[in-house]
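First up is the structure itself, then whatever we jot down about it.
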Amino acid sequence: MISEQEILNASILIIDDQQYNVLLLGEMLGDVGYACIASTNDPHEVYSLHQKNRYDLILLDLQMPDMDGFQVMEGLKEIETDGYLPVLVITAQPGHKLRALAAGAKDFVSKPFDLVEVRTRIHNLLEVRLLYKKLNNYNKVLEQTVQERTAELNSIFNASVEGIITIDMSDIIVSANAAVETIFGYKPKELIGCRINKIMPSSPRKMNDCSLPHTVKSVGQIWEIEGIHKNGSVVPLDMSIAEFSIENTRYFTTIVRDVSLRKHREQQDKKHLDELAHVTRLGLMGEMASGIAHELNQPLTAISTYTQTSINLINTDHPDPVKLLEILSKIHHQASRAGQIIQRMREFIKSHAKHRSTADINSLIHECVDLCIVELNQNGVKLKLELENNLPSINVDQIQIEQVLINLIRNSVDALKNLPEKRQRQITIHSRVTLNNSIQVRVKDNGPGINEDQQKKISTPFYTTKADGMGMGISISRSLIEAHEGTLYFKSKPDKGTTFYFILPMA
Numbered sequence: 001m002i003s004e005q006e007i008l009n010a011s012i013l014i015i016d017d018q019q020y021n022v023l024l025l026g027e028m029l030g031d032v033g034y035a036c037i038a039s040t041n042d043p044h045e046v047y048s049l050h051q052k053n054r055y056d057l058i059l060l061d062l063q064m065p066d067m068d069g070f071q072v073m074e075g076l077k078e079i080e081t082d083g084y085l086p087v088l089v090i091t092a093q094p095g096h097k098l099r100a101l102a103a104g105a106k107d108f109v110s111k112p113f114d115l116v117e118v119r120t121r122i123h124n125l126l127e128v129r130l131l132y133k134k135l136n137n138y139n140k141v142l143e144q145t146v147q148e149r150t151a152e153l154n155s156i157f158n159a160s161v162e163g164i165i166t167i168d169m170s171d172i173i174v175s176a177n178a179a180v181e182t183i184f185g186y187k188p189k190e191l192i193g194c195r196i197n198k199i200m201p202s203s204p205r206k207m208n209d210c211s212l213p214h215t216v217k218s219v220g221q222i223w224e225i226e227g228i229h230k231n232g233s234v235v236p237l238d239m240s241i242a243e244f245s246i247e248n249t250r251y252f253t254t255i256v257r258d259v260s261l262r263k264h265r266e267q268q269d270k271k272h273l274d275e276l277a278h279v280t281r282l283g284l285m286g287e288m289a290s291g292i293a294h295e296l297n298q299p300l301t302a303i304s305t306y307t308q309t310s311i312n313l314i315n316t317d318h319p320d321p322v323k324l325l326e327i328l329s330k331i332h333h334q335a336s337r338a339g340q341i342i343q344r345m346r347e348f349i350k351s352h353a354k355h356r357s358t359a360d361i362n363s364l365i366h367e368c369v370d371l372c373i374v375e376l377n378q379n380g381v382k383l384k385l386e387l388e389n390n391l392p393s394i395n396v397d398q399i400q401i402e403q404v405l406i407n408l409i410r411n412s413v414d415a416l417k418n419l420p421e422k423r424q425r426q427i428t429i430h431s432r433v434t435l436n437n438s439i440q441v442r443v444k445d446n447g448p449g450i451n452e453d454q455q456k457k458i459s460t461p462f463y464t465t466k467a468d469g470m471g472m473g474i475s476i477s478r479s480l481i482e483a484h485e486g487t488l489y490f491k492s493k494p495d496k497g498t499t500f501y502f503i504l505p506m507a
């Protein structure tokens, strides 16, 4: 709103070749309270005066010698900067009124003056003029703000290290920031107007629509995709998508981040983990060597005995071929048994590339039990298996999961060694499907448990309670399980034993 004082403080210019009219209008305006009144009898001075003072209202007489009011208005139009001609014309000719309005005047008053009418029209015109100026100022401030924000957003847009690409419903790129050149090798102007599959085979628009099977849209979802560099190389990307509309037209803004360094680091970490796991397997096999040697000694001794019996039988005058065949069959059985033991050792100890396959967790548990059975027997440990039947398959690196199981079993055996000889030593291995459709394995012992101080350190690399241990078993096991998108944790109570759990997703 415009206050009365703002109207009275407005600037007014009176133009009339008759000094009497100038004085009359000036006195009338002064009586009302207008304070900023200027006047001239020379229409040629109007332009310079208005350019200098930018009057809020010009009272213009149409009938003047040399230059009439219509000519003055034409000149004012050329110097008026905001498109608003603040002119109220004064005329004694009724026919001039419409012509004056058509020429750009905002209103008119007739001679002789009706002072009430003149004051009212001047007041109304000034109020409109001041409102227009205020609106114009607001627009300028708004335009300046928009320009500043646009410049700021453009600066952020192009300074971002993440590629920002906008496409339309036809998968056509309509904008791209400077970062796309770093990621894809194309300058933004090379991509605008091209289809998105030039740099991303998977359409973000289609991925966005396919990811919304319900009415509520996912927010902050990140996809791992592969982009195509200008040189033809594949670029691993993290991508998120935002949808917006302008005048009922849908657009999709895609934000992509080059994760090549992260992927390389993950590969290096995986390689390092595999190397540590291999060293740990060597350590485990070294600790198990005496038991394995004892287990191998049994079939080898049997083979030696059966072979000598066969030789003795052949050296008789009438060797019995049926009995000889029976002995040879036993030799073959014992040799196969020894071979299986060696094969299990070879598969477990060898360093190998990551290879996941569908597996049955119960079968893996039985394989590990076969490898550990001698050590269990030597230490008087009873093994109890509580395996749920017909469990869903898992997709794992079988050797790595066997390594985790063997490590947990051997940790339990080591814990049980500290029990008094008369106390029963038992390990229970349990498998089941959890409520959230994962596979859980428990390795439980009835040993002395783990005290609170040790529980805080047990997952720390190189922490061990064994004099000859590496301190990597639990740390490596947890890393291997987490690499399979699983979790490993434990519960322990002093004198009650310890239970290790690991959970793996179904295949």
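When we follow UniProt numbering, the leftmost residue of the sequence shown carries the number 1, and every step to the right adds one.
Glycine residues also receive a C-beta, built at the ideal position from the N, C-alpha and C atoms.
All values derive from a computational prediction rather than experimental measurement.
Distance between beta carbons of K384 and T428, contact taken as under 8 Å = The Cβ separation is near 4 Å, so the contact holds.
K496 in three-state terms, based on DSSP | The answer is coil: DSSP assigns K496 none of H, G, I, E or B.
S304 bridges to which residues according to DSSP?
-> Under the DSSP definition of a beta bridge, S304 lacks any partner.
Close-in-space but distant-in-sequence residues of the same chain around residue 538 (CB under 7 Å, 5 per side omitted) | No statement about residue 538 is possible, as the shown extent of the chain runs from 1 to 507 and does not include it.
Taking all protein chains shown into account, decide if G232 is buried (16 or more other Cβ within 10 angstroms of its Cβ) or exposed.
-> An exposed status is given to G232, since fewer than 16 other beta-carbon atoms sit within 10 Å of its beta-carbon.
Strand pairing of H430, partner residues [DSSP] | In DSSP, H430 forms a bridge with E386 and R442.
Cβ neighbours of R195 in the same chain (closer than 7 Å, five flanking residues each side left out) = Answer for R195: D171 and I172, listed in chain order.
Cα separation between V22 and E74?
-> V22 and E74: Cα-Cα distance of roughly 22 Å.
Would you list the one or two residues that DSSP bridges to E483?
-> A small correction: the amino acid at residue 483 is Ala; Glu does not occupy that position in the sequence shown. Bridge pairing for A483: absent [DSSP].
Output the distance between the C-alpha atoms of V216 and I241, rounded to the nearest integer angstrom.
-> Legend: pLDDT at V216 = 35, less than 50; position of this residue unreliable, value from coordinates given subsequently. Just so you know, the alpha carbons of V216 and I241 end up roughly 15 Å apart.
Are I90 and K77 touching if we call contact CB-CB under 9 Å?
-> No, these two residues do not count as a Cβ contact at 9 Å.
Alpha-carbon to alpha-carbon, A151 and G26 | Going from the Cα of G26 to the Cα of A151 covers about 49 Å.
Residues near M169 by beta carbon distance below 6 Å, same chain, minus five either side = Setting aside the 5 residues that flank it on each side, M169 is surrounded in the same chain by R250, each with a C-beta closer than 6 Å to its C-beta; the list follows chain order.
Considering only C-alpha positions, which residue in the set Y20, I476 and D31 is nearest to T40?
-> When only C-alpha atoms are compared, the closest one is Y20.
Is T166 helix, strand or coil when you go by DSSP?
-> In the structure shown, T166 adopts extended strand secondary structure according to DSSP, grouped into three states.
Taking three-plus beta-carbon pairs below 8 Å as touching, is the region 176–196 in contact with the region 149–164?
-> Verdict: yes, contact present.
Can you round the beta-carbon distance between Y55 and S11 to whole angstroms, since I take them to be within the 8 Å contact cut?
-> With a Cβ gap of about 5 Å, Y55 and S11 count as contacting.
For I327, which residues from the same chain have a beta carbon less than 6 Å from its beta carbon, with the 5 sequence-adjacent residues on both sides left out?
-> If you ignore the 5 residues before and after I327, its C-beta comes within less than 6 Å of the C-beta of Y306, T309 and S310, all in its own chain and listed in chain order.
Taking DSSP as the reference, what is the three-state secondary structure of A467?
-> With a pLDDT of 41 at A467, under the threshold of 50, the predicted position of this residue should be treated as unreliable, though the coordinate-derived value follows. Coil at A467, not helix or strand.
Counting along the chain, where does the alpha helix (DSSP H) carrying M506 start and finish?
-> Taken as a continuous stretch (DSSP letters only), M506 belongs to no alpha helix (DSSP H), as it is neither H nor E.
Where does A35 land, buried or exposed, given buried means 16+ other C-beta within 10 angstroms?
-> Flag for A35 reads exposed.
Short check: CB of N451 to CB of R425, under 9 Å?
-> Not in contact: N451 and R425 (Cβ atoms no closer than 9 Å).
Just the Cα atoms here: how many angstroms apart are Y489 and Q334?
-> The straight-line gap from Cα to Cα measures roughly 40 Å.
Measuring CB to CB, does Q440 end up less than 9 Å from F500?
-> Cβ distance not < 9 Å, so Q440 and F500 don't count as in contact.
State the start and end residues of the unbroken alpha helix (DSSP H) segment that holds V180.
-> It spans A179 to F184 - the alpha helix (DSSP H) in which V180 sits, taken as one unbroken run.
Backbone secondary structure at T91 - three-state DSSP = In this structure, T91 counts as strand in the three-state DSSP scheme.
Are L126 and I7 closer than 9 Å when you measure CB to CB?
-> In contact: L126 and I7 (Cβ atoms closer than 9 Å).
How is L49 classed by DSSP in three states: helix, strand or coil?
-> If DSSP states are grouped into helix, strand and coil, L49 belongs with the helices.
Classify R262 as helix, strand or coil using the three-state DSSP reduction.
-> In this structure, R262 counts as helix in the three-state DSSP scheme.
What do you get for V396, buried or exposed, if any count of 16 or more other CB atoms within 10 angstroms of its CB means buried?
-> Here V396 is buried. Its C-beta has 16 or more other C-beta atoms within 10 Å.
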